Amino acid sequence: MPLLWVKLHGMTQDGPTRRDVLKAGATAAAITPVLTQPVLAGAAAPSGAITLLVNGERHQVEVEARVTLLDALRERLALTGTKKGCDRGECGACTVLADGKRIKSCLTLAVMQEGREITTIEGLAEGDELHPMQAAFLKHDAFQCGICTPGQIMSAVACVAEGHAGSDQEVRDWMSGNLCRCSCYPNIVDAIREAAGR
Amino acid sequence: MSGMDTRVAGGVGASALRPDGTLKVTGEFAYSSDLWLDDMVWGVTLRSPHPSARIRSIDVTPALAMPGVLCALTHEDVPGLKFHGLDHPDTPVLAIDRVRYQGEPVALVAADHPERARRAAAAIVVDYEVTEAVTDPWRAAFDPSCPKVQEGGNVLRHQPVRVGSVFEAPVVVTGEYEVGMQDQAPLGPESGLAVPAEDGGVDLFVATQWLHVDRDQIAPCLGLPPEKVRMTLAGVGGAFGAREDLSMQIHACMLALRTGRPVKIVYGREESFFGHVHRHPARMRYEHGATEDGRLVYVKAEILLDGGAYRSSSPAVVGNAASLGAGPYEVPNVAIDAYGVYTNNPPCGAMRGFGAVQACFAYESQMDKLAEACGISPVEVRVRNAVSQGSRLITGQVIDSPAPLAEMLRELEAFPLPEEPAAGGRDLRALPGGVAQTTHGEGVRRGVGYGVGIKNICFSEGFDDFSTARVRVELAGGEPHVLVHTAAAEVGQGLVTVQAQIARTELGIDRVTVAPADTRVGSAGSSSASRQSYVTGGAVKAACEAVRARLDKLAEENPGLTLPELLERSGPVEETREYRHRPTYPMDPVTGQGDSHTQLALCVHRAVVDVDVELGLVKVVELAAVQDVGRVLNPLALEGQIHGGTAQGLGLALMEEIQVVDGRVRNPSFTDYLIPTILDMPPMRVSILENADPAAPYGLRGAGEPPTLSSTPAIAAAVRAATGRPLPRVPIRPQDIALPA
Numbered sequence: 008m009p010l011l012w013v014k015l016h017g018m019t020q021d022g023p024t025r026r027d028v029l030k031a032g033a034t035a036a037a038i039t040p041v042l043t044q045p046v047l048a049g050a051a052a053p054s055g056a057i058t059l060l061v062n063g064e065r066h067q068v069e070v071e072a073r074v075t076l077l078d079a080l081r082e083r084l085a086l087t088g089t090k091k092g093c094d095r096g097e098c099g100a101c102t103v104l105a106d107g108k109r110i111k112s113c114l115t116l117a118v119m120q121e122g123r124e125i126t127t128i129e130g131l132a133e134g135d136e137l138h139p140m141q142a143a144f145l146k147h148d149a150f151q152c153g154i155c156t157p158g159q160i161m162s163a164v165a166c167v168a169e170g171h172a173g174s175d176q177e178v179r180d181w182m183s184g185n186l187c188r189c190s191c192y193p194n195i196v197d198a199i200r201e202a203a204g205r
Numbered sequence: 138m139s140g141m142d143t144r145v146a147g148g149v150g151a152s153a154l155r156p157d158g159t160l161k162v163t164g165e166f167a168y169s170s171d172l173w174l175d176d177m178v179w180g181v182t183l184r185s186p187h188p189s190a191r192i193r194s195i196d197v198t199p200a201l202a203m204p205g206v207l208c209a210l211t212h213e214d215v216p217g218l219k220f221h222g223l224d225h226p227d228t229p230v231l232a233i234d235r236v237r238y239q240g241e242p243v244a245l246v247a248a249d250h251p252e253r254a255r256r257a258a259a260a261i262v263v264d265y266e267v268t269e270a271v272t273d274p275w276r277a278a279f280d281p282s283c284p285k286v287q288e289g290g291n292v293l294r295h296q297p298v299r300v301g302s303v304f305e306a307p308v309v310v311t312g313e314y315e316v317g318m319q320d321q322a323p324l325g326p327e328s329g330l331a332v333p334a335e336d337g338g339v340d341l342f343v344a345t346q347w348l349h350v351d352r353d354q355i356a357p358c359l360g361l362p363p364e365k366v367r368m369t370l371a372g373v374g375g376a377f378g379a380r381e382d383l384s385m386q387i388h389a390c391m392l393a394l395r396t397g398r399p400v401k402i403v404y405g406r407e408e409s410f411f412g413h414v415h416r417h418p419a420r421m422r423y424e425h426g427a428t429e430d431g432r433l434v435y436v437k438a439e440i441l442l443d444g445g446a447y448r449s450s451s452p453a454v455v456g457n458a459a460s461l462g463a464g465p466y467e468v469p470n471v472a473i474d475a476y477g478v479y480t481n482n483p484p485c486g487a488m489r490g491f492g493a494v495q496a497c498f499a500y501e502s503q504m505d506k507l508a509e510a511c512g513i514s515p516v517e518v519r520v521r522n523a524v525s526q527g528s529r530l531i532t533g534q535v536i537d538s539p540a541p542l543a544e545m546l547r548e549l550e551a552f553p554l555p556e557e558p559a560a561g562g563r564d565l566r567a568l569p570g571g572v573a574q575t576t577h578g579e580g581v582r583r584g585v586g587y588g589v590g591i592k593n594i595c596f597s598e599g600f601d602d603f604s605t606a607r608v609r610v611e612l613a614g615g616e617p618h619v620l621v622h623t624a625a626a627e628v629g630q631g632l633v634t635v636q637a638q639i640a641r642t643e644l645g646i647d648r649v650t651v652a653p654a655d656t657r658v659g660s661a662g663s664s665s666a667s668r669q670s671y672v673t674g675g676a677v678k679a680a681c682e683a684v685r686a687r688l689d690k691l692a693e694e695n696p697g698l699t700l701p702e703l704l705e706r707s708g709p710v711e712e713t714r715e716y717r718h719r720p721t722y723p724m725d726p727v728t729g730q731g732d733s734h735t736q737l738a739l740c741v742h743r744a745v746v747d748v749d750v751e752l753g754l755v756k757v758v759e760l761a762a763v764q765d766v767g768r769v770l771n772p773l774a775l776e777g778q779i780h781g782g783t784a785q786g787l788g789l790a791l792m793e794e795i796q797v798v799d800g801r802v803r804n805p806s807f808t809d810y811l812i813p814t815i816l817d818m819p820p821m822r823v824s825i826l827e828n829a830d831p832a833a834p835y836g837l838r839g840a841g842e843p844p845t846l847s848s849t850p851a852i853a854a855a856v857r858a859a860t861g862r863p864l865p866r867v868p869i870r871p872q873d874i875a876l877p878a
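Chains as they are written, first to last, in the working numbering: chain A, 8 to 205; chain B, 138 to 878.
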């Protein structure tokens with residue numbers, strides 16, 4: 008039976024970080040998002056091995072030149088915390104940090120990011136301890152459906168580091184590249200201002 | 138009850154945090170687009186490029202010849218019933234002999250790589266004979282020479298409302314209004330994973346609003362009994378009505394059953410715009426008659442809603458527009474006709490506030506006209522006509538729970554207005570045009586406007602509207618633990634939080650797990666119509682009460698034992714309950730009369746805008762809202778709903794429109810379909826009232842939709858006040874302000 012990853016949310020009060028693994032009917036589904044089978048295996052376009060440094064870990068991956076950083080993260084490294092909302096730089100759901108600067112990972116190719124230090128939403132927390140920005144988003148309910156949230160948080164971390172969180176208006180100006188359709192914007196402003204230390 | 142403290146932390150009324158919140162801020166929460174199985178393949182849909190055409194032939198052989206392609210399917214491969222639909226199975230799973238809108242699914246491909254699947258789909262040869270597209274809903278409805286989009290005719294529902302016979306008054310105001318086609322635009326695209334099972338069935342993991350209604354449409358089309366279609370809710374990246382109809386569900390299952398492999402389908406952003414229904418665009422003619430002091434004598438209206446090619450939830454949208462078509466005002470004489478119409482425009486269905494949103498823009502615009510004609514303020518005209526508890530709606534239904542509209546308006550009016558900075562002291566970024574710095578303040582005018590909305594909560598017109606909850610108390614690690622299991626879709630509204638809060642309050646046990654939603658428990662109904670806190674909340678409450686009654690009995694029989702000791706002795710205690718709200722009744726087909734709604738909710742908005750009247754640019758400076766929610770279950774989550782609903786109303790007022798030309802969508806991207814950014818959304822002032830509805834669990838009143846209604850007309854009124862333009866259409870475009878016809 009195929010391994011891998013029909014993981015869904017386990018919503019517990021006392022163990023919210025627990026990830027429930029569901030059984031897919033008669034199929035025994037199991038654990039851990041480690042992808043072993045290259046998605047692009049056998050495709051015709053030329054590919055080459057590159058090394059991506061993501062969240063402090065080196066990953067050697069074979070990718071075609073046309074593969075975006077976003078697809079490499081999601082489909083090759085199984086880092087699906089980075090979301091694909093539009094795949095053309097309009098929504099910001101795919102925001103990650105490259106050498107500390109925020110970029111839209113759908114607008115850059117994986118091969119162009121070799122040698123840069125990439126940080127994704129999965130790399131923010133220290134073990135079970137949330138990054139202050141994650142904690143602030145949680146506390147202020149700065150998300151509803153949450154699918155834009157990884158991008159919002161990565162963008163917010165950079166926004167503060169850039170020194171662009173000095174006022175509510177400044178936060179709005181510098182966070183306007185990240186769409187939130189649930190429109191949690193007032194709470195996002197509050198969360199970022201708190202994490203920035205007002 | 139013995140041994141229990143019912144005042145545990147995190148119960149009803151607390152700002153309990155989302156149990157799925159940590160997963161969402163760490164990127165671990167698995168949305169439907171994140172699912173993965175090692176041996177899965179990818180499904181892709183070929184769609185019609187034409188709004189109306191006959192299909193002479195489909196040749197899939199070029200696709201099958203391509204490397205990596207496992208199968209290519211057409212309507213001939215649909216194993217069972219070839220149609221599905223929310224209200225009525227009229228929508229082909231895959232087009233049969235003709236297509237009725239641009240983007241209609243025609244064929245499917247599964248391949249080992251998404252790009253290969255896409256290329257193979259593009260290689261399928263479809264021979265179309267383009268036919269005349271019906272794109273004018275007036276013509277579709279009223280011109281007998283117009284081609285029929287569906288065999289039964291182009292009017293899918295006509296709902297009149299008739300009250301009284303006096304249609305003359307000293308003051309008469311008229312208007313023709315339009316609402317553009319809005320899109321729900323959830324950021325999570327339609328997606329899911331179908332896994333073929335050894336018993337011939339299929340397991341489907343998908344983002345939806347209602348698992349059971351999906352299953353009940355999917356199973357017949359697959360030729361399977363319902364129990365062989367097992368569904369589990371995957372993480373939902375926003376819904377807002379877009380996931381009420383099926384999108385990729387049957388397609389993925391068909392491909393999975395044919396290939397014997399798990400099949401993943403994920404729509405791209407452009408495809409998403411074609412892959413779900415939109416908010417009905419509306420054309421409306423209104424005439425209000427009133428006394429000289431602004432008291433309504435009559436309302437006449439024609440409301441035309443363009444449903445596109447298939448029914449979807451259009452009948453309910455028409456019912457809402459008709460029954461709520463005069464707004465929350467006392468009107469003794471009414472003649473309203475609401476029509477839902479088939480065309481070859483993009484299909485329309487549910488979106489937050491469905492049917493009530495469109496009418497609200499028109500009747501509120503009329504109330505402002507009436508205020509002006511009578512020389513009284515916009516607030517005053519609304520107060521003079523406001524409903525209250527005991528008022529009769531135009532359907533004859535009596536509002537039997539608190540509806541303090543006049544008080545809400547007075548409170549709203551009393552909020553201090555934001556300061557208007559002196560011309561020289563403005564932050565240019567805060568002006569219309571923002572960082573583009575198109576003005577230093579010259580040409581900028583401020584305006585203030587008010588809007589009022591009334592929305593039915595839960596499903597109406599006789600629908601058997603219920604939810605099911607299973608609640609189990611057992612020992613886990615020596616401590617009592619509650620498991621709540623429902624099929625209700627968490628779509629971001631915070632329903633999982635509320636379910637856990639209810640369990641804590643009812644059982645006095647703080648350790649609560651809400652199980653993933655799936656079809657192993659009875660239907661919860663849809664996460665729409667602001668109904669889940671009411672109906673699924675009611676079901677969870679009822680199941681908890683049943684569990685508590687059993688625990689009480691155990692405690693009586695075993696005096697002196699603690700709860701853990703009782704549970705040790707008894708084993709798990711589990712109860713399942715269905716919950717229904719009070720019955721509703723169909724609207725009379727001729728007069729529209731009848732108690733068609735179970736609950737009604739009010740929200741009022743004040744908008745303050747700055748408008749650059751030369752360039753037509755609008756900056757919303759502040760939005761204030763007063764909403765009566767009966768009982769607050771979770772203050773933090775509730776405020777989020779009010780923010781979100783308000784922002785989507787802002788989008789409809791100023792920027793959001795699917796532009797359709799000759800039946801074709803011109804702007805299927807976030808570059809061209811604009812949704813509000815953090816810069817567009819102003820600070821909000823929110824006041825929440827708690828006048829309980831005695832018929833509802835905890836007295837609560839559904840809250841997600843009402844703010845979406847009232848923010849649009851408030852903003853439109855504010856822009857009118859700033860510009861002096863009539864602005865009968867939303868979204869208001871720059872040219873409507875700067876270059877009026």
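Yeah, the Cβ is synthetic: ideal placement off N, Cα and C, and Gly gets one too. None of these values were measured; they are calculated from a predicted model.
Option nearest residue i by Cα separation, candidates the options
i: V649(B); options: V303(B), E627(B) and H622(B); result: H622(B)
i: A606(B); options: D564(B), G580(B), P653(B) and R566(B); result: P653(B)
i: R256(B); options: W275(B), G180(B), V373(B) and F220(B); result: G180(B)
i: H295(B); options: A146(B), L442(B), E694(B) and F596(B); result: L442(B)
i: M488(B); options: A854(B), R416(B) and A254(B); result: R416(B)
Cut-off 6 Å between Cβ atoms - residues of its own chain near residue i, not counting five sequence neighbours on either side
i: C98(A); result: G92 and L186
i: V46(A); result: Only weak support exists for where V46(A) lies, its pLDDT of 44 falling under 50; the coordinates are left without a value.
i: A172(A); result: C166, V178, I199 and A203
i: I233(B); result: H212
Within 7 Å, strictly: CB atoms of residue i and residue j
i: M545(B); j: V745(B); result: no
i: N194(A); j: H147(A); result: yes
i: E712(B); j: A683(B); result: yes
i: I879(B); j: V298(B); result: Here chain B comprises residues numbered 138 to 878, so residue 879(B) is not present and cannot be evaluated.
i: M368(B); j: L348(B); result: yes
i: A427(B); j: V436(B); result: no
i: L172(B); j: A100(A); result: no
i: G527(B); j: Y722(B); result: no
i: A853(B); j: M818(B); result: no
i: L542(B); j: V518(B); result: no
i: R582(B); j: H225(B); result: no
i: V748(B); j: V856(B); result: yes
i: G92(B); j: P357(B); result: Outside the displayed range of chain B (138 to 878) lies residue 92(B), so it cannot be described from this structure.
State whether the stretch 496 to 507 of chain B contacts the stretch 588 to 603 of chain B, with contact taken as three or more CB pairs (one from each stretch) at a distance under 8 Å. yes
Can at least three beta-carbon pairs, one atom from the stretch 808 to 825 of chain B and one from the stretch 522 to 533 of chain B, be found at a separation below 8 Å? no
Any 3 or more C-beta pairs closer than 8 Å across the stretch 837 to 848 of chain B and the stretch 713 to 730 of chain B: no
Secondary structure, alpha helix (DSSP H): runs of 4+ residues fully inside the stretch 155 to 213 of chain B: Listed in chain order, the alpha helix (DSSP H) elements of length 4 or more contained wholly in the stretch 155 to 213 of chain B are 158 to 163 and 198 to 201.
Of all the residues that make up the stretch 770 to 804 of chain B, which are near chain E by a beta-carbon distance shorter than 7 Å? This model lacks chain E altogether, as its protein chains are A and B.
Given 8 Å as the limit, is there contact between the stretch 457 to 476 of chain B and the stretch 794 to 810 of chain B, that is, 3 or more CB pairs closer than that? no
Tell me the start and end of each unbroken beta strand (DSSP E) in the stretch 631 to 668 of chain B that is at least 3 residues and wholly inside, in chain order. 649 to 651
How do the stretch 70 to 80 of chain A and the stretch 103 to 121 of chain A stand: do at least 3 beta-carbon pairs fall below 8 Å, yes or no? Segment contact: the stretch 70 to 80 of chain A against the stretch 103 to 121 of chain A, three or more CB-CB distances shorter than 8 Å; contact assigned.
Of all the beta strand (DSSP E) runs that stay within the bounds of the stretch 347 to 418 of chain B, which reach a length of 3 or more residues? Taking 3 residues as the shortest admissible run, the stretch 347 to 418 of chain B contains the following complete beta strand (DSSP E) segments, listed from N- to C-terminal end: 366 to 370 and 400 to 403.
Uninterrupted alpha helix (DSSP H) stretches inside the stretch 243 to 309 of chain B (no shorter than 4 residues): 251 to 260 and 274 to 279
Does the stretch 396 to 403 of chain B come within contact of the stretch 271 to 291 of chain B, defined as at least 3 CB pairs closer than 8 Å? no
What are the start and end residues of each continuous beta strand (DSSP E) run of 3 or more residues lying completely inside the stretch 118 to 197 of chain A, in chain order? 124 to 126
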